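Participant: Chains as they are written, first to last, in my numbering: chain A, 1 to 927; chain B, 928 to 1854.
Backbone N, C-alpha and C fix where the C-beta goes; we use that ideal spot for every residue, glycine too.
For clarity, every value in this text was computed on a predicted model and none was experimentally measured.
First the structure, then my questions, so here it is.
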């Protein structure tokens, strides 16, 4: 449609661009956020809703559609806007009883942005619009307060010249050396000249002089006069707000937050009210409940004779609004409750009405102008994790919200806060960041630096808390990683070895801190000029990825938190998909079960070789993989058998009554070849071979692309005896538990399959051993049912899932590998290109963190659809890292999986996500 | 259906199990191969078809259904068979005028196998059935030839005891020390005793005595008498033939040839005729055309007074049947044409009738018994490549066959024979195989052993022919590989580096010869005890994978063969899909164009760095990849630009008028890091960095799984300037040709894409450079159209092909990588597990050789379907190795691709396959 036509259309349909509010009514309401922005919609709601009708300074909102039009039409406004704004001004004038630009009884207005979603501080605001030489004089007459008026005037010039005259015009601060800085300099000069320190010490005369100086400076620097015409001021302000939607900061913020560029911002024009008109004035901000704890108590701060920005700026210590809000800092300061009991009562009453109306905790702003209360803002209040959980639980109990709403009130990241100790945010703010990395394992950790896994173990034994610092980690470091309280690596991404292991344990971890240069020889690392030696204390914030020098205090995790427990109960009532855990040890299994896991979705048999305790199993395994004949391998497997059986049995016992999916040996054998010289020598000696022969055997295991090499079921096909012994260990472990009259549900999972014949081949072995075990233990097959399934982690397996399903009883999607193969992205190597992919927006998310719904997700859908075509009751789950990612959990539910499985510390998050996806559906269906 | 029911059903429906032939009629015909086997069907055809009615000894065929029944029913026969066999015997008796078991006028019969498809020598035969003490006497009376009769008798015992009494009974030769060997020993004893050397020197009395000795020995060794009852002999023979269907040799053969186990064999019982009844008897085999050259001349051998096996056995030198068939060996021997002119005329007449009837070259067997001609067998004759091509062309010209039939008469492997020199098969037969490997590059090669690429180059410069022997090869060896006449590696599979490179050049190559142990230090290799030193001569048969010590003669390739050229013309008339080539050099392009390639489907820009000529480009490239800033990279790319442009230009010129698809840089950069110390030092010096810094930069390029690492378009995204310079080189090369008024069609192909945004990103660069080039050269866009497409080689790209197609103009399936990612099989590492997969029949074929239709093929289908949904005219091709595999070419046609592309020496095979798939369809549609 051509521009002219749009104009014609707008004229004909008389599009409403301006929505009025105030004086006990409003054109809009809270639901119109898309059109009016969050701020505008809430102002309309407060002003106009029949249950509220709160005292809101009159104003109007210019819609986001105008912003969109503005950018589509070469920064012009739609026709009709001028007239509607004019009407809006008339409305304000009539409600407030003042007149815009009137020298006798002038109306001042603010111009503020307001997007659909809050973008705090990212766009511009201009206050006090309408002041000029004439109206200032009029206002002085009215208020009898010249100091206040000139202060407002100089603030207007300061703000307007910066925002409207410089930034909005696209003038680079370099050219002007920054009008804001230059006016501030003038302010400082004035202070020096007058011999004072604080702004508040200026007299009315001082400020009047400053206004003159400012105006001169503006003309000098920007080559233009500060506009005296109130209408020019107003339209300049509106234009500046619209332009700030595409300012650098706002664009960057939208990119991070995923806010579409075409939403646009609304503009709110509202009558100014002043909390700085004397001792009968004041201003304050408050939360309807405590945002740090969730407690159902009114919580807030105020300041007498002050404007809103003074409370936030932190120059004056704010006063508590009531006794409950009193802190160390404010212990001797008067509360609003005491100082203005009537006003406090009024606000307290508004608090209750607002909570009942919005059914949530709110963040409100108010101003008292000469004893009259004005509500300036209200919006759903930000809260931390513990508070979110407590409020959700309590509001649900109060029947303020439904169970679905309760579930949706807590973001996964908020729940995560409850699971890990965190660095004290106050102290953290005061501390310089030493280095930044990727936040791989959330929470905080404080410990002394060590550089080897061995040292981590040794120091810990001696009672030290250590942080293991490595270039990157590998399976040989696992023991040290477990011993350490935190892990820091210089290389690797969010799915590197360190990140995976740490997340699995809920351990604080930062990876890929590229500024860290480690010198293993000297046992130290450097960040620019700072040298950190072995034994030095450092603190990690694994939630943010920040490293600090020294010891910062930690705030304990609230695992025992009663509200957490109750909240999880609500989630469990709502969710439908089952949640299991990926656990390889009895400890992990126990932890996960406590968190609500309903079984194990992935038990990695190979893990035992890197666990705590004896080195013996690993040594025997190494002998096995270096064997050259089946006979040798069988001998080693024989030695290994009891270790395997015991390892499996312990975890089966912990998970009594729940299914435990045990994956057969998966990694390429080369991974087990020792790197340490002493270990190699021990092996050579034990195998009684030459070093040359040892090299020959190990180099034969080496692979160019091990991820796509001889691993998973391919090992079981080449060496059926490996499968045989593993399966025997599983069945005998289970049988021994059955003999104790306990219920046990092992499920055998074959990894890395790409054709149904692989499964058939392995099942022959499995069934043979199964029959032998039943016989040996004299057990009925009902007491130990045979369940064999497969990982689906190779793209081909998805494509032929109908055939795969015909020979097995469950699918477990291994989305890590499926993402690797499906994208052709080696997880170990994405550091080379994924950053530029994300930066250039070629991928919007790291597909190893959240399932790539479009591609890998489609493969999963094909897999499930084809699989269920053959076997309608096919059990389907996921056991990749994605099983603990909330978005991915929702996807899994939507595609019809029976369960997700994730590391123990992700179990609560998975349960929450599983509940949220159902809650969203239920709420949508109700509508 | 239960056994009894089948029996009842058979009785009711009177299933025909026995088909008679002979005496001018037959129950069956040539089309009934499934039921009667090849042999039985052809005997029936010869005997019964109205155009033929040839003199075939009467007989009957027991159907393959009986064999199937036999194995399904615990080795029992269906009821009714006995009676039908009895009737069959009656038929033979009546036609031949003899009686089975009659002491006066005995009929002897042969019992032979006959499967649907020929399985030469894999199953059993028993001759002379019906002989015993009594019938022998009768036969002597009739023939007056006791020597002949006792010879036949002792042969019966020898064969029967071995085949029926030992093997068919499942007796292991170890237990009996082998009855065959033991009787042979008796024969030798007898010879010694009589002081003679040849069987023919035995007198009738000697043979009679031998019969007695044999019978005694049989009883002694097997504990059972040789059966004198002719019926027992007959049924024993039939049973032995059926049992031999599941003999070890037959089962193994079927597995290799892909013949289903449930086809079963037929059994042919036929009257014996004897070519060894005196000088008026004889026997022969012949081909209706020369099977070695294809010439339309009758070609065969015969022997007077001999049985069929004597001709084949090679004890007596066979005589030529005519002058044409006379060879060096038979130059003084009488021809059948001369000796028995009438019989020869009769056969010559039969030859013509048979060819006209069968419309193909036939292989016939005949016997002359006392002056009477009997036809014993006729079947389509085996032929070598050149003969197959010539016959196809000539028969098509003779209008004996249609163009479709002509195209189907030549197997791809036969056509391949014409493209490479081959080892003289006669000499090869006489030579011991030194080692066996995989047949990676077909044809033969003779040369002196060298162990380094450098030596290969140096020796060749000195005029030597060399064979390069390596553990495995890598890109640095390429120059030496090109210099060598053949390549032999100890490791690697059919798709290893050596195999790919050699096949691309049509060079003889054997890979993965595991028995070869190379000692680079000592410059020698060992195979068991044989030591082969540098400079020793060896011969490779790359078609079979055999290595020979010494120099074997080679037979030249028939590339200039006129029939080859004419045959390709026929193929081109029939085929519909286009055939391009994968070529990186002007030489390859020229070769492929001569073979009929209609463009280049894959030109790898990186190839120039490993080609012949200057080392300079590789050196500059290395500088580029080790650069740390864009500025440094641009500087190196500037230096590289002219090399790139000239390299591309040469090939574009050779392919004038045809499209040339140029792929942007693909391999992970680490591949280019030099391994040789001198080269590393040169780079360090030139870059003016420390060795430490060099190590740091190169180790940064190292990847754990390079195949899924930073390669392909990922390089172009991270370093857009690399794309920019490459594209500039392409367009400027093309523009320079356009300026010469020549037609040029470059197509730019982006590799390793997994999302459409990658293409969009690269296209921005490409379009910018394109516009600049048009401007610089002042060319109209019509003269140099912009065509940008992508490889589809990542599974995700198939899944989202609708989106991929929306931003590009063609897809080229990179099936090598698609197979790697789709299966999760690293091509470099499959040596560890693929052999056991093939051996255990988990995969029936190496998916890197023939497209895995079920899995990867399905991904391709999804890709094409989705792609064409967005862009119905999307051009689709393939440029993986599979483009030269005949089965895969057919698949590509069937899924609707526009073209296939393969290495130059595979072009004729691809053209043939492309024609065959159409021919098969046309013929099917006609029916």
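Exposed or buried, which one is residue 1541(B) when buried takes at least 16 other CB atoms within 10 Å?
Facilitator: Exposed: under 16 other Cβ atoms inside 10 Å.
Participant: Does the Cβ of residue 166(A) have 16 or more other Cβ atoms within 10 Å, making it buried, or fewer, making it exposed?
Facilitator: Result: buried.
Participant: For chain A, check one thing: does any of its Cβ atoms lie closer than 8 Å to the Cβ of residue 1837(B)?
Facilitator: Taking Cβ atoms only, chain A never reaches closer than 8 Å to residue 1837(B), which makes this a no.
Participant: Using a Cβ-Cβ distance under 8 Å, would residue 1549(B) count as near chain E?
Facilitator: This model lacks chain E altogether, as its protein chains are A and B.
Participant: What alpha helix (DSSP H) runs, 4 residues minimum, are completely inside the region 1562-1646 of chain B?
Facilitator: 1604-1614, 1618-1628, 1640-1645, all fully within the region 1562-1646 of chain B.
Participant: Considering Cα atoms alone, identify which of 270(A), 55(A), 168(A) is closest to residue 130(A).
Facilitator: It is 270(A) whose Cα lies nearest to the Cα of residue 130(A).
Participant: Can you name the residues of chain B whose CB is closer than 9 Å to the CB of residue 225(A)?
Facilitator: None at all; the shortest Cβ gap to chain B is about 45 Å.
Participant: Under a Cβ-count criterion, where at least 16 other Cβ atoms within 10 Å of its own Cβ denotes burial, should residue 1625(B) be classed as buried or exposed?
Facilitator: Residue 1625(B) should be labelled buried.
Participant: So which of 63(A), 767(A), 911(A) has the shortest CA-CA distance to residue 576(A)?
Facilitator: Nearest of 63(A), 767(A), 911(A) to residue 576(A), Cα basis: 911(A).
Participant: Residue 101(A) and residue 135(A) - do their beta-carbons sit closer together than 8 Å?
Facilitator: Against a cut-off of 8 Å, the Cβ pair of residue 101(A) and residue 135(A) comes out as a contact.
Participant: Which residue spans inside the region 584-610 of chain A form an unbroken beta strand (DSSP E) run of at least 3?
Facilitator: The qualifying runs are 600-604.
Participant: If the cut is a Cβ gap below 8 Å, which residues of chain B does residue 843(A) touch?
Facilitator: Those are 1682, 1684, listed as they occur along chain B.
Participant: Between the C-alpha atoms of residue 178(A) and residue 1789(B), what's the straight-line distance to the nearest angstrom?
Facilitator: Distance between the alpha carbons of residue 178(A) and residue 1789(B) is about 59 Å.
Participant: Rounded to the nearest angstrom, how far is the Cβ of residue 928(A) from that of residue 687(A), given a contact under 8 Å?
Facilitator: The structure shown has nothing for residue 928(A), since chain A only spans 1 to 927.
Participant: Span of the alpha helix (DSSP H) holding residue 207(A)?
Facilitator: Segment 204-222, the alpha helix (DSSP H) holding residue 207(A).
Participant: Taking the DSSP output, what are the residues bridged to residue 749(A)?
Facilitator: DSSP output for residue 749(A) lists 663(A), 789(A) as bridge partner(s).
Participant: Taking the Cβ atom as the reference point for each residue, do residue 408(A) and residue 1682(B) lie within a distance shorter than 8 Å?
Facilitator: It is not a contact, given that the beta carbons lie outside the stated cut-off.
Participant: Grab me the residues of residue 758(A)'s own chain with a C-beta within less than 6 Å of its C-beta, minus the 5 sequence neighbours each way, in chain order.
Facilitator: Closer than 6 Å at Cβ, skipping near neighbours: 713.
Participant: Is residue 368(A) near residue 492(A), with beta carbons less than 8 Å apart?
Facilitator: Cβ distance not < 8 Å, so residue 368(A) and residue 492(A) don't count as in contact.
Participant: Per DSSP, residue 505(A) forms a beta bridge with which residues?
Facilitator: DSSP output for residue 505(A) lists no bridge partner at all.
Participant: On the three-state DSSP scale, how would you describe residue 1172(B)?
Facilitator: Residue 1172(B): coil per DSSP, three-state reduction.
Participant: Compute the beta-carbon to beta-carbon distance between residue 931(A) and residue 721(A), rounded to the nearest angstrom, for a pair I have assumed lies under 8 Å.
Facilitator: Nothing can be reported for residue 931(A): it is not among the residues displayed for chain A, which extend from 1 to 927.
Participant: Within 10 angstroms of the Cβ of residue 1817(B), are there 16 or more other Cβ atoms? Answer buried if so, exposed if not.
Facilitator: So residue 1817(B) counts as buried.
Participant: Check whether the Cβ atoms of residue 983(B) and residue 949(B) lie closer than 8 Å to each other.
Facilitator: Yes, they are a contact pair.
Participant: Between residue 928(B) and chain A, is there a C-beta pair that is closer than 8 Å?
Facilitator: Annotation note: pLDDT 44 at residue 928(B) (below 50); position unreliable, coordinate value reported separately. With 8 Å as the cut-off, residue 928(B) does not count as an interface residue toward chain A.
Participant: Determine, using beta carbons only, whether residue 579(A) and residue 656(A) come nearer to each other than 8 Å.
Facilitator: Contact: no.
Participant: Looking at residue 1412(B) and residue 1437(B), is the spacing between their C-beta atoms short of 8 Å?
Facilitator: The answer is no: Cβ separation not under 8 Å.
Participant: Using 8 Å as the limit for Cβ to Cβ distance, is residue 837(A) near chain B?
Facilitator: Answer yes: the Cβ-Cβ gap between residue 837(A) and chain B drops below 8 Å somewhere.
Participant: With a CB to CB cut of under 8 Å and the five nearest residues on each side skipped, what residues in its chain are close to residue 1228(B)?
Facilitator: Contacts found: 1211, 1212, 1213, 1238, 1245, 1246, 1247, 1248, 1252, 1257.
Participant: By a C-beta neighbour count over all protein chains shown, 10 Å radius and 16 as the cutoff for buried, is residue 1217(B) buried or exposed?
Facilitator: Buried is the call here.
Participant: Do three or more CB pairs link the region 136-145 of chain A to the region 234-246 of chain A at distances below 8 Å?
Facilitator: In short, these stretches do not touch, since the Cβ pair count stays below three.
Participant: Looking only at DSSP bridge pairs, what is residue 554(A) linked to?
Facilitator: BP columns for residue 554(A) point to 423(A).
Participant: Okay, do the region 1185-1195 of chain B and the region 1041-1057 of chain B touch, 3+ Cβ pairs below 8 Å being the bar?
Facilitator: They touch, by the three-pair rule.
Participant: Taking residue 1830(B) as the reference, which of 1712(B), 1518(B), 1545(B) has the closest Cα?
Facilitator: Cα-wise, what sits closest to residue 1830(B) is 1518(B).
Participant: Residues in its own chain within less than 7 Å of residue 277(A) by CB, not counting five upstream and five downstream?
Facilitator: Taken in chain order, the residues that qualify are 143, 145, 148, 369, 370.
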